[in-house]
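Novice:
Residue numbers (the numbering used here), protein chains in the order written: chain A, 1051 to 1313; chain B, 5 to 433.
Shown next as structure tokens:
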């Protein structure tokens, strides 16, 4: 029990330039749980993911975030990662001249103590195994990080990184967007493989589709920059069947967005 | 430095080396030009106060018999793995160690000091020395003409040299100077790779005034790598000049890693139909470096092709001006000239500039250029850091990646690794 990760978000508010985007998010994610955050475009879902990771564009104006009791908002981006936070990004950067393999090894070693670096053999063995599982071609490891990757390749690469880095809390930001059904199944396989009491997951998505393959324990509806409704897996099914209008009606919301196109 | 003092000095230097009259006259004529000519004019770099003449007469050096007797800093600069053959080591103005491959010698390959080559192959040297590079370009060129000392590499017709030949030019002492001249002649159909290393190892004020002349005869294939790695108190100039004849093929690999004042110039003349030159130019500047790096190609003949790939990283308060010039003359139809020059600035005080210049006097050609100057992308940093990599390490990965896009195109793996090592060491300093 003591080693189960716990992420607590309390009344989190953030802005970009002068626009408030997050308007008081509350959420608690524990090891072993999968939380789905659903909502229409422009409601601030992806901003939540970026703010948790420490994206330089956003400024936190209020609230707190704790990972295993540590203050996340005080940490640099790399410290958050070392503390166990992982974000599978919607738009990962392309970095020329840095191979996937070199990058992954640097990332793994960054988490380890000096003198305790992963051996090259062990690294290759782990990488091959996980690439197999995600049906990634072996030439992939020597390609430059995300450079010239298709949308699907980028998503698989994000999941591959998650599997190699063993985070405590993983946030998957629209990992399903632009994926065909086969790719979606592969990505889901990767996530399910890592499912354990040592990992808490937040899945951010528009669609219920991904949740057919990764069963969530909790579903949250995100509107106007905060969680407006929470429930179990049945909530996702109802959203899929009936859309979001009934939620808006129920809560008296006219415009669900934060008045801002997605950044 | 006064011309009178040096006249005497040069006469003595020349007679000690038993130089022929033509060379002695060339030296004295060059010296006369020093007083007449201006300093080189560079795009966006003022070199007035650099101190190209700030040196005292250079003492002579003792040569050594074995590799092991060389100073450790010189020994370490020899590219690993290729120690067995073709090595020329010059300290300040004198050859201190030479090694030749007897097999190549049998085939007529010459690799020795200019001093020696002039004694044994005077006519050959006279035909090429100071032809592609002329002593009347400017004051720095004239100084070089007056005081040059260096090595001669000659590859006869159709001879293929399989192992890279290495020349090392090392500086030591206080206010000393060296004027290394590397003369490379690759006859028709021959093939050779040369690596030249320039550095100082005592970190004191010195002047390095280097020239490389390369003659690529029809269908010859030549690769020349230069690595300049001088410390912050050195005024380092290097002029590289090449003439490429019909179907000749030249690859320049240029590593500019010096830390003081650096003037690095590469100019290639594509004289014969079908001639090609490729330039891979890498620079990493730190501290208070001031550098001006120019790659210039002139197409004079039909079907000639050129490609300049230049990458420069500046950190701390370093400044680098990166010029790429592609000139296609009238009549050089169906030629192709491409260039790309990119500068990455790491610190707020670091300055960089990329100047792409295309000068085209012929209609039937293709040409293209790309140039950029920028800072490290904060989103790239964020991405790498989000995987637990520290800011410093992430920056390093981005810089290495930036340079590696050119390094990995270099057609020799051992040379690739050699350059990566230098970049890594220099970056961590």
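Quick reminder that beta carbons are idealized off the backbone N, C-alpha and C, glycines included.
(1) Could you check the C-alpha separation between residue 60(B) and residue 272(B) for me, to the nearest Å?
(2) Using a beta-carbon distance below 8 Å, is residue 1105(A) in contact with chain B?
(3) Between residue 1138(A) and residue 1222(A), which are expected to be in contact by the criterion C-beta below 8 Å, what is the C-beta distance as a whole number of angstroms?
(4) Is the CB of residue 420(B) under 8 Å away from at least one CB in chain A?
(5) Quick test of the definition: if touching needs 3 or more C-beta pairs under 8 Å, does the segment 174–192 of chain B touch the segment 200–212 of chain B?
(6) Got a sec? Which residues, its chain only, sit under 8 Å from residue 1302(A) by beta carbon, not counting five neighbours each side?
(7) When you compare the CB positions of residue 322(B) and residue 348(B), do they come within less than 8 Å of one another, or not?
(8) What's the C-alpha gap between residue 121(B) and residue 129(B)?
(9) Determine whether the beta carbon atoms of residue 399(B) and residue 385(B) lie at a separation below 8 Å.
(10) Compare the C-beta of residue 1253(A) against all C-beta atoms of chain B and say whether one is closer than 8 Å.
(11) Given that a residue counts as buried once 16 or more other Cβ atoms are within 10 Å of its Cβ, and exposed if not, what is residue 1171(A)?
(12) Quick check: the Cα distance between residue 1313(A) and residue 1097(A), rounded to an integer number of angstroms?
(13) For residue 267(B) versus residue 51(B), is the C-beta distance shorter than 8 Å?
(14) Leaving aside the five residues before and after residue 1070(A) along the sequence, list all residues of the same chain whose C-beta is less than 8 Å from its C-beta, in chain order.
(15) If you run the structure through DSSP and keep just helix, strand and coil, what is residue 443(B)?
(16) Since residue 1268(A) sits in a beta bridge, which residues does DSSP pair it with?
(17) Where residue 175(B) and residue 154(B) are concerned, what is the direct C-alpha to C-alpha distance, given to the nearest angstrom?
(18) In chain order, which continuous runs of the alpha helix (DSSP H) of length 4 or greater are located wholly inside the segment 129–187 of chain B?
(19) Would you be able to state if there are at least three C-beta pairs under 8 Å between the segment 253–260 of chain B and the segment 139–151 of chain B?
(20) Suppose contacts are defined by Cβ-Cβ distances below 8 Å. Is residue 93(B) in contact with residue 74(B) by that definition?
(21) Between residue 1311(A) and residue 1068(A), what straight-line distance do the alpha-carbon atoms span, to the nearest angstrom?
(22) With residue 1061(A) as the anchor, note down where its beta strand (DSSP E) starts and where it stops.
(23) What are the boundary residues of the beta strand (DSSP E) that includes residue 344(B)?
(24) Under 8 Å, CB to CB, which of the residues in the segment 1113–1135 of chain A have a partner in chain B?
(25) By Cβ distance, which residues of its chain are closer than 7 Å to residue 1204(A), with the 5 residues on each side in sequence left out?
(26) Taking the straight line between their C-alpha atoms, what separation do you get for residue 1174(A) and residue 367(B)?
(27) Give the single residue among 124(B), 125(B), 262(B), 138(B) whose Cα lies nearest to the Cα of residue 290(B).
(28) With 7 Å as the C-beta to C-beta threshold (strictly closer), list the residues of the segment 1213–1236 of chain A near chain B in chain order.
(29) Please classify residue 80(B) as buried or exposed, where buried requires at least 16 other C-beta atoms within 10 Å of its C-beta.
(30) Looking at the structure shown, is residue 97(B) part of a helix, part of a strand, or coil, going by DSSP?
(31) Report the neighbours of residue 1161(A) on chain B: residues whose CB is nearer than 8 Å to its CB, in chain order.
(32) Per the contact definition of three or more C-beta pairs closer than 8 Å, is the segment 156–171 of chain B in contact with the segment 103–122 of chain B?
(33) Mind listing the chain B neighbours of residue 1137(A)? Cutoff is C-beta to C-beta under 8 Å, in chain order.
(34) Given a cut-off of 8 Å, decide if residue 404(B) and residue 377(B) are closer than it, judged by their beta-carbon atoms.
(35) Counting contacts by CB-CB distance shorter than 8 Å, is residue 397(B) in contact with chain A?
(36) Mapping the DSSP letters down to three states, classify residue 1073(A) as helix, strand or coil.
Specialist: If we stick to the structure as given:
(1) To locate residue 60(B), count along the second chain from 1; it is residue 56. To locate residue 272(B), count along the second chain from 1; it is residue 268. Just so you know, the alpha carbons of residue 60(B) and residue 272(B) end up roughly 33 Å apart.
(2) Residue numbering aside, residue 1105(A) sits at position 55 when the first chain is read from its first letter. It does: the Cβ of residue 1105(A) has a partner Cβ on chain B nearer than 8 Å.
(3) What you label residue 1138(A) is simply residue 88 of the first chain in a count that begins at 1. What you label residue 1222(A) is simply residue 172 of the first chain in a count that begins at 1. Going by Cβ atoms, the distance from residue 1138(A) to residue 1222(A) rounds to 5 Å, so yes, they are a contact pair.
(4) What you label residue 420(B) is simply residue 416 of the second chain in a count that begins at 1. Not closer than 8 Å to any Cβ of chain A, the Cβ of residue 420(B) fails to qualify, so no.
(5) Short answer: they touch.
(6) Translated into positions along the first chain, residue 1302(A) becomes position 252. Within its own chain, no residue has a Cβ closer than 8 Å to the Cβ of residue 1302(A) once the five positions on either side in sequence are excluded.
(7) Taking the first residue of the second chain as position 1, residue 322(B) is located at position 318. Taking the first residue of the second chain as position 1, residue 348(B) is located at position 344. In this structure, residue 322(B) sits away from residue 348(B), with a CB-CB distance that is not shorter than 8 Å.
(8) Locating residue 121(B) in the second chain gives position 117, where the first residue counts as 1. Locating residue 129(B) in the second chain gives position 125, where the first residue counts as 1. Residue 121(B) and residue 129(B) have their alpha carbons spaced roughly 7 Å apart.
(9) Residue numbering aside, residue 399(B) sits at position 395 when the second chain is read from its first letter. Residue numbering aside, residue 385(B) sits at position 381 when the second chain is read from its first letter. Contact flag set, yes.
(10) Position 203 of the first chain holds residue 1253(A). Under the Cβ distance rule, residue 1253(A) does not count among the residues neighbouring chain B, no pair being separated by less than 8 Å.
(11) Locating residue 1171(A) in the first chain gives position 121, where the first residue counts as 1. Exposed.
(12) As a first step, residue 1313(A) is located in the first chain; it is residue number 263 there, counting from the start. As a first step, residue 1097(A) is located in the first chain; it is residue number 47 there, counting from the start. With a pLDDT of 44 at residue 1313(A), under the threshold of 50, the modelled position of this residue cannot be trusted, and the question is left open.
(13) The residue you call residue 267(B) lines up with position 263 of the second chain. The residue you call residue 51(B) lines up with position 47 of the second chain. Yes, these two residues count as a Cβ contact at 8 Å.
(14) Locating residue 1070(A) in the first chain gives position 20, counting from the first residue. Answer for residue 1070(A): 1063, 1064, 1111, 1275, 1308, listed in chain order.
(15) Residue numbering for chain B in the displayed model covers 5 to 433; residue 443(B) lies beyond these limits and cannot be assessed.
(16) As a first step, residue 1268(A) must be located in the first chain, where it is residue number 218. Beta-bridge pairing links residue 1268(A) to 1085(A).
(17) Start at 1 with the first residue of the second chain, and residue 175(B) comes out as number 171. Start at 1 with the first residue of the second chain, and residue 154(B) comes out as number 150. Distance between the alpha carbons of residue 175(B) and residue 154(B): 13 Å.
(18) At a cut-off of 4 residues, the continuous stretches assigned as alpha helix (DSSP H) that sit fully inside the segment 129–187 of chain B are 143–151.
(19) Flag = no, the segment 139–151 of chain B and the segment 253–260 of chain B do not touch.
(20) One-based indexing of the second chain puts residue 93(B) at position 89. One-based indexing of the second chain puts residue 74(B) at position 70. Against a cut-off of 8 Å, the Cβ pair of residue 74(B) and residue 93(B) comes out as a contact.
(21) Locating residue 1311(A) in the first chain gives position 261, where the first residue counts as 1. Locating residue 1068(A) in the first chain gives position 18, where the first residue counts as 1. Confidence in residue 1311(A) is poor, its pLDDT being 48 and thus under 50, which makes the residue's placement unreliable; the coordinate value appears in the next sentence. Looking at the two C-alpha atoms, the distance is approximately 14 Å.
(22) In the first chain, the residue the question calls residue 1061(A) occupies position 11. Going by DSSP, residue 1061(A) is part of the beta strand (DSSP E) stretching over 1056–1066.
(23) Against the second chain, residue 344(B) aligns to sequence position 340. That run of the beta strand (DSSP E) goes 340–349.
(24) Correct list: 1126, 1127, 1128, 1130, 1131, 1132.
(25) If you number the first chain from 1, residue 1204(A) lands on position 154. Apart from sequence neighbours up to five positions away, the residues of its chain that approach residue 1204(A) with a beta-carbon distance below 7 Å are 1142, 1196, ordered along the chain.
(26) Counted from its first residue, the first chain places residue 1174(A) at position 124. Counted from its first residue, the second chain places residue 367(B) at position 363. Rounded to the nearest angstrom, the gap between the Cα atoms of residue 1174(A) and residue 367(B) is 53 Å.
(27) The residue given as residue 290(B) occupies position 286 in the second chain. Of the candidates 124(B), 125(B), 262(B), 138(B), the one whose C-alpha sits nearest the C-alpha of residue 290(B) is 262(B).
(28) For the segment 1213–1236 of chain A, the residues whose beta carbon sits under 7 Å from a beta carbon of chain B are, in order, 1215.
(29) Along the second chain, one-based indexing puts residue 80(B) at 76. Exposed is the call here.
(30) Mapped onto the second chain, residue 97(B) falls at position 93. In the structure shown, the three-state DSSP call for residue 97(B) is coil.
(31) Residue numbering aside, residue 1161(A) sits at position 111 when the first chain is read from its first letter. 392, listed in chain order.
(32) Enough Cβ pairs lie closer than 8 Å, so yes.
(33) Stepping through the first chain from its first residue, residue 1137(A) is reached at position 87. Ordered by position in chain B, the residues that pass the 8 Å Cβ test against residue 1137(A) are 390.
(34) Residue 377(B) sits at position 373 when you count from the first residue of the second chain. Residue 404(B) sits at position 400 when you count from the first residue of the second chain. No, the Cβ-Cβ distance between residue 377(B) and residue 404(B) is not below 8 Å.
(35) For this step, residue 397(B) is matched to residue 393 along the second chain. At a cut-off of 8 Å between beta carbons, residue 397(B) contacts chain A.
(36) Along the first chain, read from residue 1 onward, the residue named residue 1073(A) stands at position 23. In the three-state reduction of the DSSP assignment, residue 1073(A) falls in the strand class, which pools E and B.
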